[in-house]
Structure formats: C-alpha cells, structure tokens
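Everything below concerns the one structure shown next.
There are 2 protein chains.
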Amino acid sequence: MTAPSESSAREPDEPAPDDGRVRTLERPEPATAAETIRWGLEAEALVTVFGRCTVEYEGRAASELGAGERHLLLKPDGGALVHTAEGQQPVNWQPPGCVHAVEPREGTLEVRSTRSTPAEELLVSFEETLHVGVFAMSEPDQLSIVGTEADLRERLLEEPSLLEPGFQPLAIERQTPAGAVDVFGEDRAGRTVIVELKRRRAGPDAVSQLRRYVDALERDLHTATDLRGILVAPSVTERAERLLAEHGLEFVALEPPRE
Amino acid sequence: MTAPSESSAREPDEPAPDDGRVRTLERPEPATAAETIRWGLEAEALVTVFGRCTVEYEGRAASELGAGERHLLLKPDGGALVHTAEGQQPVNWQPPGCVHAVEPREGTLEVRSTRSTPAEELLVSFEETLHVGVFAMSEPDQLSIVGTEADLRERLLEEPSLLEPGFQPLAIERQTPAGAVDVFGEDRAGRTVIVELKRRRAGPDAVSQLRRYVDALERDLHTATDLRGILVAPSVTERAERLLAEHGLEFVALEPPRE
DNA sequence: CCCTCCATATCGTCG
DNA sequence: CGACGATGTGGAGGG
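Sequences listed follow chains A and B, in order. Using our numbering, the letters of the first sequence correspond one by one to residues 1 to 259. Using our numbering, the letters of the second sequence correspond one by one to residues 1001 to 1259.
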C-alpha cells in the first residue's frame, strides 16, 4: 500500500488530536489500547479496533477463525461486529446488550463480549493492534422507508378494487388459530377473502403461509366452500404458482408503492 | 467526551503515520478525503469514514435518513455499510458488487455506491468529515463453525436410531415436486420416512415445509398411507405441535452436536 | 420472556 | 441469473 502523499511521523501510542468527537491511537501498546477502549465504551462512543487477530465464538453455535487483519466495531448498545475484507455480514458478531471486557494479556489485546439468555461469548484476540478509534455518536435519527409490506397493505386498503372489483376489506391482522391474517375481507358475492401480502416475488413459503390461514379459518368457521385465499405480490415463482393451483388459491399481482 | 490523557496537536489534513497497513486523516477537507478514499479503494483496502452525514437509498425500496454522526464502512468487494450508535444491523447498506464513487461537492463529501440487477443506489453525504481510515486487509481466512443444520444431519446419519430404532436413511436432499427433502429413509416396517431438520426450536414454518414435502411425495408415489413425516429439532412451539398433530406428522427432539 | 413474522434480509448452492 | 432454503439470521410487535 503506497500512500498518495507524504506521511508525517508520529510515534506509536501518541494519540491523534481530540476535537471532542474523535480520538485515535496508532499502533498502541495493549495496555494503552485497553485504557482508551474502556474510556470510549464508558463514554457511550462507538469504538473501532483494527489489527491482526483471531476470533472465537461459543453460544448458539461455536466457531473459530484463524489470524488475519479484521475490523472490530464495538457499539455503545453492547453490540460487536467483526468485519473482514469480504461480505456484507460480519464474520463474527455479538448482538446488542452484551458486556464488553477489554484486557491486555501476554502481549495481546483481548476483547471479550458476553451475554446470557442465551449464554454466548465472543473473544477477539489482537496479536497486533494497528489502530483504535473512538467516535462520539449523535442521538439516533429516524430512518424513513417506503416500499415495505405495510406500504403495500396501505395501498390495497386505500384502493380495494386493486384486488378485484367489489372487494371490501374488513380487518387487518385478524387472528386465526394459525396466526394473524394480513388482510381479511369480503368479495362482491359476500364470500370471505383472506389476503397474504408479500412485498416481493413470492415463493412456496408464502403459499404455505396462506394455506395455513385458509385451513385454520375453514375449520374455525366451518365454511369450507365460501372461503377464498389470495396471494398479493409483485409476482410468483413457478412452483408457488403450481402450489396455489393445487390448493385452490389465487394470485393478484400488485407492487408496493414507491412514494 | 473528555480524553483520558493529553492529546497532541495535529493540524487538519495532516495524515497520520503510514506503516503500509493503516492510513488515517483527521478532519480532512472533502477533496483530500476523496483522494485518500479513492486511493484506498483502488488498493483493495477497507475504508472507513466517520462524520456527520445524511443518507439516501433507492432500489428494492427507498429510504431517507437525516443528518447525524455515522460510521461508513466501504469494503474492497464493493459492499457498503452505514452504522449508527445502535443496532447490530447497519441503518443503510449496499451489498457486495457495487461501484463506489467519491466526490467533493459544495463543501460536502459525497460517497455514492451503485449496482444494477436490481438497480440500486446509496448516497452518503458528509457535511462534516471527521475521520477517514484506510486499512490493508489480509486474504480471507476460513471460518469453521459447528452446530449447524448440516451438523445435525450428520449426527442423525451417523446414528439413525436417534430418530427411532430401525430407521434407515436412504438419501439426503432427495428431490420432490415441492423441493428437496432433508433426509429420506425407511422405518423398521418399511414405510417411507421424510425428515425435516431444524437446528433450533421449530415453529409453524417448519411444519408447513414438512407438510409440503409429504403432500408432494404422496401425490408423486401414490402411497398416501405408508408415508411418515417427521420434524427433527431441539423442540417445537405449541402452535407447531398442534399443526403437526392436525396433519398426522411427528416430532423427534434432537439437538445439533456442539463439537 | 416466548411466539410469530417481516426484511432493501444476506448467503450458499443448485439448476 | 433466478429459485430455494438455512441463518449463531436480526428486529418489531404482541401476549
């Protein structure tokens, strides 16, 4: 890795400038790193550690990862993420709510994150600590998102004829012995209609889900003949389409709104 | 945020030491930041940007996020992750395979990640760039993990009597019109057995899946009476248990091995 | 807590 | 590239 311009010299352990929101260490000694990381976690900051490390996990499953350069993210809510060069998902992690413990140990820096229910532990051992970053975070801002299944449901409720002329929605999340139905209503002829919504192309799972609700409601209402199940999604896979036909279920193409 | 020890002064834009594996910038100008980030991406390094920014996404859905301090991770494989103080998941992201573009623009630093199929774009606009990090990553190391569904299957195949005395596995991933069956075999009486495995407590979804396979194979083999469907998992939920009973399916408790 | 289900799910594998 | 199912799925909402 060749730098694009000249680098200034700064001794190991010498902290980078602290403007009150960022603090960094370059190649710190384990003891120095541990002190700064603990301080950052105490201050509810986001802490990063980059270096050569091994990772061990034990809990719902168990895993081992040999030595390599990794990027560790410690969140103020107790979450931990270990990222490698590849993949959107962290190679190892710990969910929010964990307790982070940082200890220098035999020349290495050990970061241990633990929780109970379920009992889980993540251990990241840095044999080389190349960078520590402490970043002051702002209060969380609300993410606004459109194009979800809830948006698709709103679209259908605002314009029920998108399902078919004469459709009348009567309830959302109506309970059945098999779970809650997305949209429950009646068609023009007064027949009960059960709608299962999917925000994207639907597969066999979606059909099974719809089938469960229809079965449950047929048993519950003893009205086997006058019950329709309709899958609403942008499209269906071929196997899903066959499953729908086999069980007398229907499909209506509809996309979630984009605004 | 009060530092645990004295900070040295370093001017903005003055790069931190470059030992060939880490390079950082503190409070860089947008143009300087863009240059270093481009250089880092070019070098297949992992690049981080911390600062105050807004985030916009448009693609499979669409989202907006107001200004706040966030941590951006740009991966050499083309992935992007925007992390806030909270949550294990990034608040916004882009999967691997994207093209990252970095531009200074009207006093801000814009990072844009795009891909096609599906067409998606993520735009992170930093109104304040507080830190840039460039980290040289090692080649990926294999993660070894135990306790998966595959491990549970191996356990069952090595000791078929764990299902029941006399069980004989005949195939794994046997194809049916509804998909592949986890384990396919015969019981002591010569009846066909379909096994669906779950590494953790099983819910209604797992029962539906098993039911689909049993239905498909009954139609395919025309042997409605001599076909058994067995769900193998550490445990089942109450609703799943009722669904199993309703459809004449069975349950056997078994956990994935831990070593 | 458990249960249930959505997700810009992501990821691997297979056709 | 699409389909299909596993995931240490995570996260939200309800009981």
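Don't be surprised by glycine CBs; every beta carbon is placed ideally from N, CA and C.
Q. In three-state terms, what does DSSP make of Leu1243/B?
A. Reduced to three states, the DSSP call for Leu1243/B is helix.
Q.
Between the region 153 to 163 of chain A and the region 198 to 215 of chain A, can you find at least three pairs of beta-carbon atoms closer than 8 angstroms?
A. Output reads no: the region 153 to 163 of chain A does not touch the region 198 to 215 of chain A.
Q: Measure the Cβ-Cβ separation of Arg199/A and Thr148/A and say whether it is below 8 angstroms.
A: Taking 8 angstroms as the Cβ cut-off, Arg199/A and Thr148/A qualify as a contacting pair.
**Q.** Helix, strand or coil at Ala9/A according to DSSP, with G and I counted as helix
**A.** Only weak support exists for where Ala9/A lies, its pLDDT of 44 falling under 50; the coordinates are left without a value.
Q) Would you report the Cα separation of Gly1203/B and Glu1241/B, rounded to the nearest angstrom? A) CA-to-CA, the gap between Gly1203/B and Glu1241/B works out to about 8 angstroms.
(Q) Across the region 190 to 197 of chain A and the region 225 to 235 of chain A, are there enough close Cβ pairs to call them in contact, namely three or more that are closer than 8 angstroms? (A) The region 190 to 197 of chain A, when compared against the region 225 to 235 of chain A, does touch it at the 8 angstroms Cβ threshold.
Q.
Under DSSP, the alpha helix (DSSP H) around Leu109/A begins and ends at which residues?
A. Per DSSP, Leu109/A lies in no alpha helix (DSSP H) segment; the continuous beta strand (DSSP E) that holds it begins and ends at 108 to 115.
Q. Grouping DSSP H, G and I as helix and E and B as strand, with all else coil, what is Leu41/A?
A. The answer is helix: DSSP assigns Leu41/A an H, G or I state.
Q) Terminal residues of the continuous alpha helix (DSSP H) containing Pro1204/B? A) Annotation: the continuous alpha helix (DSSP H) that includes Pro1204/B extends over 1204 to 1221.
**Q.** Cβ-based contacts, 9 angstroms cut-off: residues of the region 1091 to 1107 of chain B near chain A
**A.** Cβ contacts with chain A: Val1091, Asn1092, Trp1093, Gln1094, Pro1095, Pro1096.
(Q) Which residues in chain B have a C-beta closer than 7 angstroms to the C-beta of Ile37/A? List them in chain order. (A) None at all; the shortest Cβ gap to chain B is about 10 angstroms.
(Q) Buried or exposed, going by whether 16 or more other CB atoms sit within 10 Å of the CB of Ser8/A? (A) Because the pLDDT of Ser8/A is 41, which lies under 50, any placement of that residue in the model is unreliable, and the number read from its coordinates should be weighed accordingly. Per the 10 Å Cβ criterion, exposed.
Q) What runs of the beta strand (DSSP E), each 3 residues or longer, lie entirely inside the region 150 to 210 of chain A? A) Within the region 150 to 210 of chain A, the complete beta strand (DSSP E) runs of at least 3 residues are 168 to 176, 179 to 186, 192 to 197.
**Q.** Residues that His1131/B contacts on chain A, provided the C-beta gap is smaller than 8 angstroms
**A.** Under the 8 angstroms cutoff, chain A gives Val22, Thr24, Gly133, Phe135.
(Q) What ranges does the alpha helix (DSSP H) occupy inside the region 22 to 85 of chain A, keeping only unbroken runs of at least 4 residues that lie completely in it? (A) Taken in chain order, the unbroken stretches of alpha helix (DSSP H) that lie wholly in the region 22 to 85 of chain A and span 4 residues or more are 30 to 42.
**Q.** Meets three-Cβ-pair contact criterion under 8 angstroms: the region 100 to 114 of chain A and the region 1028 to 1039 of chain B
**A.** Too few Cβ pairs lie closer than 8 angstroms, so no.
Q: For His71/A, verify whether its CB is less than 7 angstroms away from any heavy atom of the ligand SAM.
A: Ligands are entirely absent from the displayed structure, and the ligand SAM is therefore not among its contents.
**Q.** Rounded distance between the beta-carbons of Val146/A and Glu255/A, thought under 8 angstroms
**A.** At roughly 12 angstroms, the Cβ-Cβ gap does not stay under 8 angstroms, so Glu255/A and Val146/A are not in contact.
Q: Use the C-beta contact count for Leu170/A: other C-beta atoms within 10 angstroms, 16 or more gives buried, fewer gives exposed.
A: Exposed: under 16 other Cβ atoms inside 10 Å.
(Q) If distances are taken between C-alpha atoms only, which option among Gly185/A, Leu143/A, Leu122/A comes closest to Leu65/A? (A) For Leu65/A, the nearest C-alpha among the options comes from Leu122/A.
Q: Using a Cβ-Cβ cut-off of less than 7 angstroms, give me the residues of the region 1211 to 1231 of chain B that come near chain A, in sequence order.
A: Residues of the region 1211 to 1231 of chain B whose Cβ lies closer than 7 angstroms to any Cβ of chain A, in chain order: Arg1212.
Q: Using alpha carbons as the reference points, say which of Pro257/A, Thr32/A, Ala43/A lies closest to Leu151/A.
A: First, the amino acid is wrong: residue 151/A is Asp here, not Leu. Looking at the Cα atoms, Pro257/A is the closest of the given residues.
Q | Nearest-angstrom beta carbon gap, Gly87/A and Pro1096/B [assumed within contact, 8 angstroms] | A | About 7 angstroms separates the two Cβ atoms, so the contact holds.
Q) Where does Glu1250/B fall in DSSP's three states? A) Residue state, collapsed to three classes: strand.
Q) Quick one, are the C-beta atoms of Val1132/B and Cys1053/B less than 8 angstroms apart? A) Result no, Cβ atoms of Val1132/B and Cys1053/B do not sit closer than 8 angstroms.
Q. What in chain A is Cβ-close to Val1236/B, meaning under 8 angstroms?
A. Correct list: empty, because the minimum Cβ distance to chain A is about 15 angstroms.
Q | Interface partners of Thr84/A on chain B, CB under 8 angstroms | A | Neighbours of Thr84/A across chain B, judged by C-beta separation under 8 angstroms: Met1137, Pro1140, Asp1141.
(Q) Could you compute how far the alpha carbon of Gly1308/B sits from the alpha carbon of Gly1166/B? (A) Residue numbering for chain B in the displayed model covers 1001 to 1259; residue 1308/B lies beyond these limits and cannot be assessed.
Q. Given a limit of 9 angstroms on CB to CB distance, which residues of the region 1169 to 1186 of chain B reach chain A?
A. Taking 9 angstroms as the Cβ-Cβ cut-off against chain A, the residues of the region 1169 to 1186 of chain B that qualify are Pro1177, Ala1178, Gly1179.
Q: Helix, strand or coil for Glu1121/B, going by three-state DSSP, please let me know.
A: Strand.
Q. Can Leu46/A and Ala1085/B be called in contact, C-beta distance under 8 angstroms?
A. It is a contact, given that the beta carbons lie within the stated cut-off.
Q | Distance, Arg1023/B Cα to Glu6/A Cα | A | Confidence is the limiting factor: at Glu6/A the pLDDT is only 37, short of 50, which leaves the residue's position unreliable and the question unanswerable from this model.
Q: Taking C-beta pairs closer than 7 angstroms, name the residues in chain B that Val146/A reaches, listed in chain order.
A: What Val146/A touches in chain B: Ala1061, Ala1062.
**Q.** Neighbourhood of Arg155/A by C-beta distance below 8 angstroms, restricted to the same chain and skipping five residues each side
**A.** Excluding positions up to five away in sequence, the list reads Leu162, Leu254, Pro256, Pro257.
Q: Kindly list, in the order they appear in chain B, the residues whose Cβ is closer than 8 angstroms to that of Phe126/A.
A: Those within 8 angstroms of Phe126/A in chain B number zero; the least Cβ separation is about 13 angstroms.
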